[in-house]
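Beneath this line is the structure, given in structure tokens, with notes to follow.
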Amino acid sequence: MEYIPNIIFVILLIAGIGYFANNVKKLIRNIKLGQKVDASDQKSERWKNVVNIALGQSKMVKRPVSGILHVVVYVGFVIINMEVLEIIIDGLFGTHRIGQEYLPATLYGFLIGAFEILAVLVLVSVAVFWIRRNVIKIKRFLSSEMKGWPKSDGNIILYFEVVLMCLFLVMNATDTVFQTANSGNVISQFIAPWFSGFEIETLHTIERIAWWLHIAGILVFLNYLYFSKHLHILLAFPNVYYGSVEPKGKFNNLDAVTAEVKLMMDPDADPYAAPPETADDEVPAKFGASDVMDLTQVQLLNAYTCTECGRCTSSCPANLTGKKLSPRKIMMDTRDRLEEVGKNIDLNKGKFVDDGKQLLGDYITNEELWACTTCNACVEECPVSINPLSIIMEMRRYLVMEQSAAPMELNNMMTNIENNGAPWPYNQMDRLNWKDEN
Amino acid sequence: MSEQLKVPTMAEMMTEGKQPEILFWVGSAGSYDDRAKKITKAFVKILNKANVDFAVLGTEESNTGDVAKRAGNEFLFQMQAVMNIEVLNAYEVKRIVTCDPHSFNCLKNEYPGLGGNYDVIHHTQYIQELISTGRLTLDGNTYKGKRVTFHDPCYLGRANSVYDAPRDVLKKTNATLIEMKRHKGTALCCGAGGAQMFKDAEPGNKEINVLRTEDAIETQPEIIATGCPYCNTMMTDGVKFKEKETEITVMDIAELIANA
Chain A
29 MEYIPNIIFV
39 ILLIAGIGYF
49 ANNVKKLIRN
59 IKLGQKVDAS
69 DQKSERWKNV
79 VNIALGQSKM
89 VKRPVSGILH
99 VVVYVGFVII
109 NMEVLEIIID
119 GLFGTHRIGQ
129 EYLPATLYGF
139 LIGAFEILAV
149 LVLVSVAVFW
159 IRRNVIKIKR
169 FLSSEMKGWP
179 KSDGNIILYF
189 EVVLMCLFLV
199 MNATDTVFQT
209 ANSGNVISQF
219 IAPWFSGFEI
229 ETLHTIERIA
239 WWLHIAGILV
249 FLNYLYFSKH
259 LHILLAFPNV
269 YYGSVEPKGK
279 FNNLDAVTAE
289 VKLMMDPDAD
299 PYAAPPETAD
309 DEVPAKFGAS
319 DVMDLTQVQL
329 LNAYTCTECG
339 RCTSSCPANL
349 TGKKLSPRKI
359 MMDTRDRLEE
369 VGKNIDLNKG
379 KFVDDGKQLL
389 GDYITNEELW
399 ACTTCNACVE
409 ECPVSINPLS
419 IIMEMRRYLV
429 MEQSAAPMEL
439 NNMMTNIENN
449 GAPWPYNQMD
459 RLNWKDEN
Chain B
151 MSEQLKVPTM
161 AEMMTEGKQP
171 EILFWVGSAG
181 SYDDRAKKIT
191 KAFVKILNKA
201 NVDFAVLGTE
211 ESNTGDVAKR
221 AGNEFLFQMQ
231 AVMNIEVLNA
241 YEVKRIVTCD
251 PHSFNCLKNE
261 YPGLGGNYDV
271 IHHTQYIQEL
281 ISTGRLTLDG
291 NTYKGKRVTF
301 HDPCYLGRAN
311 SVYDAPRDVL
321 KKTNATLIEM
331 KRHKGTALCC
341 GAGGAQMFKD
351 AEPGNKEINV
361 LRTEDAIETQ
371 PEIIATGCPY
381 CNTMMTDGVK
391 FKEKETEITV
401 MDIAELIANA
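The listed protein sequences correspond, in order, to chains A and B. Residues are numbered in the working numbering as their position in the first sequence, beginning at 1, plus a constant of 28. Residues are numbered in the working numbering as their position in the second sequence, beginning at 1, plus a constant of 150.
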């Protein structure tokens, strides 16, 4: 009988971590639906980015208010979660505050004291975040793509953090042994008096309930991640690593196009030659992207990493002037479609069955794609190195090269370049006339 | 422009057996657009004044393909690029300067993958170099104390992190440089990039160039300085839209320096 709590704990832990691991497997499978990219170059630059941008939050603090509050929550969350280690050991072995027993009293007191202070700072920050979203109504949280689930999602995460922090503090406040030791209870000593009228037995029960709810809450939160925008707390790191290390203006040259252009320009090429033999299952390369499978694995990782903060959209010139384009929506649509494809695969025993839908058209419209000025403001803004512009470009390529669906004025411009080497209908031979004009 | 500009072509240079120190890539806008041609000529005036041994490709230059690429037409871009690279490599070009940040970005970042490797710089960087090496001197009075704000071209600034060269050069004119709220990395696009120059904007509630011009007007400038022919057009149109053309002039940095 005395091992029942340990057994329940093990079951809870295995269920919580197991379900999460299962979803992580799905997530990896979904990302792998994308095209492979070689990111083996510039390793030191990539690690530098992880240290500065992801760990160091260098881009977050460019907007100081949300940036600094975010650092508090981030640091608080990471550090307070060290406490989870103790909880897990206690839970598995039926000990109570194993750290108190084995660590020097001053060190343990210092650690828990620091956790308690951070917990309060996190509570304050989260409260400000909630006010920014729901009372001040900062514009980037109100865009059309933020209606419904994305809006609730943002708030649910804040509620989670409040509950977890409160449970941690209550757990400490009602732990009579811990309070008697009077070391590290910097905050909880002020909460303890709220419970002063209770019997010792009741206090113990409250402490146990808080303890169990705290660990259960953490496991629920862990599993909530996969269904929410909050995956960035894990994916920001790989995402920054795989983010571009090239100048932002450098767009990739399509290799499939290079092969064809080289052939066209080769005077020795036989115009009647049959295309080279390819393996039977090899589909000819598609130019650009119309669905998530055409995007790269990095672009799909980008989609899962996006936490919908909207800094991109709030700096997008098209969006600022009332156009439909929102870089954040591009990322959200990509993820939604990828999830849809993933569910399709789950339902059809591991194979994707054409559902007559695609990212282009069913999620992202031509109007959005053509509104982009390729100015890179969204790329510059993203605190975790997401590149919405690269997705827009791939879809434009599909529109132009596979569908010939460019706006008419652009077709005229391109015809001019083809015919006379300039976007306007001027004669190539007049190119140097300016030198003699007054 | 009263004085005769000296604009040698690579072909002429070659027949004389000479190799210029730098190739001036004029670009399509700089060659054909009336407003941009003035920038081209101002820059040549600077090159002549500093006795720079340069040349242009003239009728052998063709569009970089940049705008086609941003529009999604990778085929057309690569066709143009391969053609231009053939010409540039035949002349053994090593160093290129251009007044167009779009050509700058494309030549610098996207040509190497197709076999075109050159040291490419923007004209504001080259002017900075000419001044710092003492080849170009400014009298420093023309713009003394004038309120100038600089609009960062996306393909110079964010795309290639060149923020200081144009500002350094502007300071050399003794003008008072006032920054817009959105500048450098957070600068707002003029609205012309990504092939928008050649099409109407999608439905919205404002034109981007008007919003950007409002940013500039907030600084109460006498001159809006740019470093891109397309930005120049957009900002000029914006100033006209706001009916400020009597108070504010839009000038390329090359034009400012040519008169300084």
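Just so it is clear, CB atoms sit at the ideal spot from N, CA and C, and this is done for glycine as well. Here the structure is a predicted model, which means the values were calculated and not measured.
Which residues DSSP lists as bridging residue i, in chain order
i         : result
Phe204(B) : Ile172(B)
Thr399(B) : Ile373(B)
Arg297(B) : Thr326(B)
Ile271(B) : Val247(B)
Thr159(B) : Val206(B)
Gln18(A)  : A question about residue 18(A) goes unanswered here, because the residues of chain A that appear run from 29 up to 466.
Leu388(A) : Ile392(A)
C-alpha distance - residue i paired with residue j, whole-angstrom precision
i         : j         : result
Glu465(A) : Arg185(B) : 13 Å
Arg365(A) : Leu387(A) : 6 Å
Asn213(A) : Phe226(A) : 19 Å
Pro221(A) : Val191(A) : 20 Å
Lys385(A) : Gly222(B) : 22 Å
Met384(B) : Thr376(B) : 10 Å
Pro453(A) : Gly215(B) : 15 Å
Gln169(B) : Met163(B) : 6 Å
Tyr182(B) : Arg459(A) : 7 Å
Ser418(A) : Lys64(A)  : 15 Å
Ala234(B) : Phe227(B) : The displayed chain sequence assigns Asn, not Ala, to residue 234(B). Each residue's alpha carbon lies about 11 Å from the other.
Val156(A) : Arg91(A)  : 15 Å
Leu40(A)  : Ala434(A) : 55 Å
Ile328(B) : Cys381(B) : 18 Å
His242(A) : Ala337(B) : 45 Å
Buried versus exposed call for residue i [16 or more other C-beta atoms within 10 Å across all chains shown]
i         : result
Lys187(B) : buried
Thr335(A) : buried
Met151(B) : With a pLDDT of only 46 at Met151(B), under the threshold of 50, the placement of this residue in the model should not be trusted; the figure read from the coordinates follows. So Met151(B) ends up on the exposed side.
Ser224(A) : exposed
Gly449(A) : buried
Tyr31(A)  : exposed
Gln85(A)  : buried
Met174(A) : buried
Limits of the beta strand (DSSP E) - the one that residue i falls within
i         : result
Phe25(A)  : This structure leaves residue 25(A) out entirely; chain A is present only between 29 and 466.
Arg245(B) : Arg245 to Thr248
Ala375(B) : Ile373 to Thr376
Residue-chain proximity (residue i, chain A), Cβ-Cβ < 9 Å
i         : result
Arg185(B) : no
Met233(B) : yes
Leu226(B) : yes
Glu211(B) : yes
Val237(B) : no
Cys339(B) : yes
Asn223(B) : yes
Asp350(B) : yes
Asn201(B) : no
Lys390(B) : no
Gln346(B) : yes
Met151(B) : In this prediction, Met151(B) has a pLDDT of 46, which is less than 50 and means its spatial position is unreliable; nothing more can be read from the coordinates.
Lys219(B) : yes
Asn310(B) : yes
Residue i - containing alpha helix (DSSP H), residue span
i         : result
Asn143(A) : Before going on, a small fix: residue 143(A) reads as Phe here, not Asn. Note, Phe143(A): alpha helix (DSSP H), Ala133 to Asn162.
Asp361(A) : Pro355 to Leu375
Met423(A) : Pro416 to Arg425
Ile367(B) : Ile358 to Ile367
Glu408(A) : Ala405 to Glu409
Closer than 9 Å to chain B by CB, residue i
i         : result
Met442(A) : yes
Arg425(A) : yes
Ala297(A) : no
Gly95(A)  : no
Lys357(A) : no
Ser171(A) : no
Thr341(A) : no
Glu446(A) : yes
Leu348(A) : yes
Ala209(A) : no
Leu282(A) : yes
Cys400(A) : yes
Pro345(A) : yes
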